[in-house]
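Residue numbers (my numbering): 15 to 516.
Backbone N, C-alpha and C fix where the C-beta goes; we use that ideal spot for every residue, glycine too.
Quick caveat, the model's predicted, so the values are computed rather than measured.
Here is the structure we will look at, set down as structure tokens.
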Ligand code: AHR
């Protein structure tokens, strides 16, 4: 059976916000220490940032970088992380049962972003777990006020004369989760978020704020949480957050391959909930979605370690260092497709996380840095997925999954760049069969296939490792053709595909 869809420039979903290609740096395991920051590493620059990692971060094409957590932020004292490095206190990090040295802090984070380049933007999370309105305001003043007040002058005295200009702020992290330090009910959180937002806007009406939504669609409080929080904060925030992680359950790879079915329904359900609150309030404003944690994460492995009690307040221990297979990368690509398909409302998304911790980039302390399988779909989507998302409605053969019933074998989206070129992103979920694809390109004025790149392998479990860092890379697919306004391609079994048309 052939999978088909039609592209037409008149039918668009919306413009891709560059923030869709955001990522996330948490003080967790080795994301910061021996990940992005390792003074003494052969490639370290004068600030202790690893140049080999910076090069890969640029190649990956990340934009907004969320920081400093995650669960870590709910015990974070920002003032510990600024000023002379030798004087910074060591603290217990309750979230990850680690010791935080604070050697890397706010100033180092901003310096890291500057070194990535102009496309990188700060996205700062606030501690609304153990802290509240006052500390949020203090951090905002320290970070953003130009000069002439105690905290802005302190920043200058610490060596950062120019304000950091942080526009995008997260009002806490996963406050719906009982695991969160300072976890709250929706009513409690809604009030704190609203009052923090109101106060921050008093200092700067131009800030952009993200209220915490649910930690996953399966949370018992899902949807009710969003409705309650948004009823309190609707006029004061710009985004509501979503978090989702996927892994195979009980070896059920077929359902795992259809994980984006859950991600898309999650997005659509949050849009419906937010718009319902807006309708109740008779508001013209729309709340956008910040999918600020998403990835494949073998979370059950982590829970086993967590529950073993075998953790000892180590500094930068090896935590959550999942090594991704080709299968994982195909699911990951499908999650990217899900985000792009909803680019009209998902205006921020952060791949969790950036280095070492469930990450596309891995490092060895004192040694090399390399790309996981998931690196490639992200880098390609960030590079070619800029412009208008075209409306894609597939007519696809289906397969049976335990979790989601009948699911399409084809998952796809297409993005039209400003210069009129179009990139099709497509996943074939079949583990055994190649999938013929035909796309009618109507009024797009396209005449040639620039490239068909695929990530697939005879061994779906193949991975890149320290010893074999380039075992898996995308390859060029021959035979993809564009004739008389129709694109014809064959998608290899279990593959992520990028087809560029001009
Ligand atoms: O990304 C890892 C963790 O997942 C984050 O700290 C937390 O927000 C989520 O539960």
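inquiry  = Are the CB atoms of residue 507 and residue 447 within a distance shorter than 8 Å?
reply    = Numbered from its first residue, the chain shown carries residue 447 at position 433. Numbered from its first residue, the chain shown carries residue 507 at position 493. Contact flag set, yes.
inquiry  = Taking 8 Å as the cut-off, does the region 131 to 150 touch the region 173 to 189 (at least 3 CB pairs, one atom from each stretch)?
reply    = yes
ask   = Just checking, does the region 39 to 56 make contact with the region 324 to 336 on the three C-beta pairs under 8 Å criterion?
value = yes
request  = Output the distance between the C-alpha atoms of residue 353 and residue 400, rounded to the nearest integer angstrom.
outcome  = Translated into positions along the chain shown, residue 353 becomes position 339. Translated into positions along the chain shown, residue 400 becomes position 386. Cα-Cα distance, rounded: 13 Å.
inquiry  = Can you check which of these residues, 213, 214, 122, is closest to residue 174 by C-alpha distance?
reply    = Within the chain shown, the letter at position 160 stands for residue 174. Distances from the CA of residue 174 to each of 213, 214, 122 were compared; the closest alpha carbon is that of 122.
query = If residue 151 and residue 207 are in contact, beta carbons under 8 Å, what's the gap, nearest whole angstrom?
reply = Start at 1 with the first residue of the chain shown, and residue 151 comes out as number 137. Start at 1 with the first residue of the chain shown, and residue 207 comes out as number 193. So it is not a contact: roughly 14 Å between Cβ atoms.
ask   = When the distance is taken between beta carbons, is residue 351 closer than 8 Å to residue 274?
value = Numbered from its first residue, the chain shown carries residue 274 at position 260. Numbered from its first residue, the chain shown carries residue 351 at position 337. Cβ atoms of residue 274 and residue 351: closer than 8 Å.
message = My output table needs one value for residue 351: the three-state DSSP class, helix, strand or coil.
response = Within the chain shown, residue 351 is the residue found at index 337, counting from 1. DSSP places residue 351 in helix when its eight states are reduced to three.
ask   = What residue ranges within the region 153 to 185 form continuous alpha helix (DSSP H) runs of no fewer than 4 residues, ordered along the chain?
value = Segments of the alpha helix (DSSP H) lying fully in the region 153 to 185: 164 to 171.
request  = Just tell me which of 198, 135, 496 has its CA closest to the CA of residue 515.
outcome  = Along the chain shown, read from residue 1 onward, the residue named residue 515 stands at position 501. Measuring from the Cα of residue 515, the nearest candidate turns out to be 496.
Reduced DSSP secondary structure (H/G/I, E/B, other) of residue 340 = Taking the first residue of the chain shown as 1, we reach residue 340 at position 326. Note: residue 340 maps to helix in three-state DSSP.
task = Determine whether the Cβ of residue 73 lies closer than 8 Å to any Cβ atom of chain D.
result = The displayed structure is made up of one protein chain only, and chain D is not part of it.
message = Quick check on the DSSP output: the beta strand (DSSP E) that includes residue 279 runs from which residue to which?
response = Reading the chain shown from its first residue, position 265 is the one you call residue 279. Taken as a continuous stretch (DSSP letters only), residue 279 belongs to no beta strand (DSSP E), being part of the alpha helix (DSSP H) at 273 to 294.
ask   = Can you name the residues that DSSP bridges to residue 450?
value = For the purposes of this step, residue 450 is taken as the residue at position 436 of the chain shown. Answer is 504.
request  = Please work out which residues of its chain come closer than 6 Å, Cβ to Cβ, to residue 153, disregarding the five sequence neighbours upstream and downstream, and give them in chain order.
outcome  = Stepping through the chain shown from its first residue, residue 153 is reached at position 139. Closer than 6 Å at Cβ, skipping near neighbours: 92.
key: Pairwise C-alpha distance: residue 58 and residue 66   = As a position in the chain shown, residue 66 is number 52, starting the count at 1. As a position in the chain shown, residue 58 is number 44, starting the count at 1. Answer to the nearest angstrom: the Cα atoms are 8 Å apart.
message = Ignoring anything shorter than 4 residues, give me the alpha helix (DSSP H) runs that lie fully in the region 364 to 431, in order along the chain.
response = 389 to 398
task = Run the CB neighbour count on residue 525, radius 10 Å, all protein chains shown included, and call it buried at 16 or more, exposed below.
result = Because the chain spans 15 through 516 in this model, residue 525 falls outside it and cannot be assessed.
ask   = Between residue 456 and the rest of its own chain, which residues show a CB-CB distance below 6 Å, the 5 nearest in sequence each way excluded?
value = Numbered from its first residue, the chain shown carries residue 456 at position 442. Sequence-distant Cβ neighbours of residue 456 in its own chain, meaning closer than 6 Å and more than five residues away, are 22.
ask   = Ordered along the chain, which non-local residues of its own chain (more than five positions away) have a Cβ less than 7 Å from that of residue 510?
value = Position 496 of the chain shown, counted from the start, is the residue given in the question as residue 510. Excluding positions up to five away in sequence, the list reads 343, 344, 347, 391, 441, 468, 469.
request  = Could you tell me if the beta carbon of residue 42 falls within a distance shorter than 7 Å of some heavy atom in the ligand AHR?
outcome  = Your numbering for residue 42 matches position 28 in the chain shown. Yes.
Spatially closest choice to residue 193 from 317, 461, 436, by CA coordinates = Position 179 of the chain shown, counting from 1, holds the residue named residue 193. Out of 317, 461, 436, 317 has the C-alpha closest to the C-alpha of residue 193.
inquiry  = I'd like to know whether the C-beta atoms of residue 118 and residue 51 end up nearer to each other than 8 Å.
reply    = Working through the chain shown from its first residue, we reach residue 118 at position 104. Working through the chain shown from its first residue, we reach residue 51 at position 37. Yes. Within cutoff.
inquiry  = Less than 7 Å between C-beta atoms, sequence neighbours within five positions excluded: which residues of the same chain meet that for residue 230?
reply    = The residue you call residue 230 lines up with position 216 of the chain shown. Same-chain partners within the cutoff: 257, 258.
request  = Taking residue 51 as part of the alpha helix (DSSP H), name the residues at either end of that continuous run.
outcome  = Start at 1 with the first residue of the chain shown, and residue 51 comes out as number 37. Per DSSP, residue 51 belongs to no alpha helix (DSSP H) and is neither H nor E.
message = the ligand AHR and residue 84: does any heavy atom of the ligand fall closer than 7 Å to the residue's C-beta?
response = Residue mapping note: residue 84 aligns to position 70 of the chain shown, counting from 1. Checking every heavy atom of the ligand AHR against the Cβ of residue 84, one is found closer than 7 Å.
ask   = If you compare alpha carbons, which of 490, 287, 168, 49 is closest to residue 380?
value = As a first step, residue 380 must be located in the chain shown, where it is residue number 366. That would be 49, whose Cα lies nearest to the Cα of residue 380.
key: Selection from 45, 486, 240 that minimises the alpha carbon distance to residue 201   = Working through the chain shown from its first residue, we reach residue 201 at position 187. Cα-wise, what sits closest to residue 201 is 240.
key: beta-carbon residue 372 near the ligand AHR non-hydrogen atom, thresh 7 Å   = Here residue 372 corresponds to residue number 358 of the chain shown, with the count starting at 1. Indeed, a heavy atom of the ligand AHR lies less than 7 Å from the Cβ.
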